[in-house]
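Have a look at the structure below before the remarks.
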Ligand code: NDP
């Protein structure tokens, strides 16, 4: 039976580390500030933002939310971002997606100063990741790297398979595993033989968004399995992209859903903001 990688406990540990760092910075007068911009009344966004604000307050950040009405125009949103870019108390800016119809999300994300890009989604930071220069990294794959570390899995020299190639998970995940010296394959909806690819992977990261698409029987014995997927079944149960029970029979370590990658995504946002605050005094 596989070792269970407890994302909830590891995320709590990360929050503890950030809270200690905030205390250590206090005598210098630097209080990391995270500002979240929420536009409209998407209920899921409201829940996510509440969680992010709670975490920020708990670790001692200056936490601010700007809530604009669903009728806010693109120039209004851009004006707010410009104001936050210029505010020295703001170290991290996060614009909660999705934005209302008619607003160009890309234009808004690109307007964020890359040095304040808490999510690591700005094209500058995407480029920074791909050429290995420091900067904020997308939170979900950064959280996966921390989970691998805590599970004692060094990707160096291993065959890693990332299933999914989205800009927020799959692609940056592949880059981070490459940076960690894994031999990386990226699979997606046009991959010819997914079971065969899975069967070769020492490290498997599933970020697909399809309930239990990856069958346990495909998993290479001894593999480390990280399940990013969050899929709500008709009855309300939350499941991952991997058939958990069957995969756990073969894997050496596996993340549960919920309680695996999800809590880490939130925790890494705090790490990014702390690092952005530290970097702000070095320039
Ligand atoms: P996207 O929908 O943006 O990307 C899904 C990817 O899966 C695409 O690259 C797609 O391929 C690929 N895919 C779809 N069907 C198949 C298939 N049959 N075989 C192989 N690959 C396939 O999703 P995200 O990356 O945003 O999210 C993925 C999952 O992770 C979701 O369940 C989401 O809820 C979850 N998630 C969880 C987070 C967390 O904190 N735990 C954070 C972010 C996401 P193609 O490119 O060819 O279409």
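Numbering (the working numbering), first residue to last: 1141 to 1423.
Every residue gets a Cβ at the ideal spot worked out from N, C-alpha and C, and that includes glycine.
Entirely enclosed alpha helix (DSSP H) segments - the stretch 1248-1273, minimum 4 residues: With a minimum length of 4 residues, the continuous alpha helix (DSSP H) runs that stay inside the stretch 1248-1273 are 1263-1271.
Start-end ranges of the alpha helix (DSSP H) lying completely within the stretch 1149-1225, minimum 4 residues: The stretch 1149-1225 contains these whole alpha helix (DSSP H) runs: 1183-1199.
First through last residue of the beta strand (DSSP E) which encompasses residue 1340: Within the chain shown, the letter at position 200 stands for residue 1340. If you look at residue 1340, you'll find it isn't in any beta strand (DSSP E); it sits in the alpha helix (DSSP H) that goes 1334-1340.
Separation of residue 1361 from residue 1239, as counted between CA atoms: On the chain shown, position 99 is the one that residue 1239 refers to. On the chain shown, position 221 is the one that residue 1361 refers to. The straight-line gap from Cα to Cα measures roughly 43 angstroms.
Residue 1370: CB within 7 angstroms of a non-hydrogen atom of ligand 3: This structure does not include ligand 3; its bound ligands are ligand 1.
Residues bridged to residue 1242 [DSSP beta-bridge criterion]: The residue you call residue 1242 lines up with position 102 of the chain shown. BP columns for residue 1242 are empty, so no partner.
Residue 1232, enclosing beta strand (DSSP E) - first and last residue: Position 92 of the chain shown, counting from 1, holds the residue named residue 1232. Per DSSP, residue 1232 is one residue of the beta strand (DSSP E) stretching across 1232-1235.
Completely contained alpha helix (DSSP H) runs for the stretch 1275-1333, where each covers 4 or more residues: Within the stretch 1275-1333, the complete alpha helix (DSSP H) runs of at least 4 residues are 1279-1290, 1310-1319.
Rounded straight-line distance, which links the Cα of residue 1300 to that of residue 1369: Taking the first residue of the chain shown as position 1, residue 1369 is located at position 229. Taking the first residue of the chain shown as position 1, residue 1300 is located at position 160. Computed Cα separation, rounded: 17 angstroms.
Start-to-end residues for the alpha helix (DSSP H) that takes in residue 1343: Locating residue 1343 in the chain shown gives position 203, where the first residue counts as 1. Residue 1343 -> not in any alpha helix (DSSP H); beta strand (DSSP E) instead, spanning 1343-1346.
Classification of residue 1153 by the beta-carbon crowding that lies within 10 angstroms, buried from 16 upward: Sequence index remark: in the chain shown, residue 1153 carries index 13 (1-based). That one is exposed.
CA-to-CA distance, residue 1320 to residue 1156, given in whole angstroms: Numbered from its first residue, the chain shown carries residue 1156 at position 16. Numbered from its first residue, the chain shown carries residue 1320 at position 180. Cα to Cα, residue 1156 sits roughly 25 angstroms from residue 1320.
DSSP state of residue 1144 mapped onto helix, strand, coil: In the chain shown, counting from the first residue as 1, residue 1144 sits at position 4. DSSP places residue 1144 in the strand class (E or B) of the three-state scheme.
According to DSSP, residues forming a beta bridge with residue 1097: A question about residue 1097 goes unanswered here, because the residues of the chain that appear run from 1141 up to 1423.
Residue 1308 Cβ short of 7 angstroms to ligand 1 heavy atom set: The count along the chain shown starts at 1 and reaches residue 1308 at position 168. Relative to the non-hydrogen atoms of ligand 1, the Cβ of residue 1308 comes within a distance shorter than 7 angstroms of at least one.
Pair within 8 angstroms by beta-carbon distance, residue 1406 and residue 1192: For the purposes of this step, residue 1406 is identified with residue 266 of the chain shown, where counting begins at 1. For the purposes of this step, residue 1192 is identified with residue 52 of the chain shown, where counting begins at 1. The Cβ atoms of residue 1406 and residue 1192 lie closer than 8 angstroms to each other.
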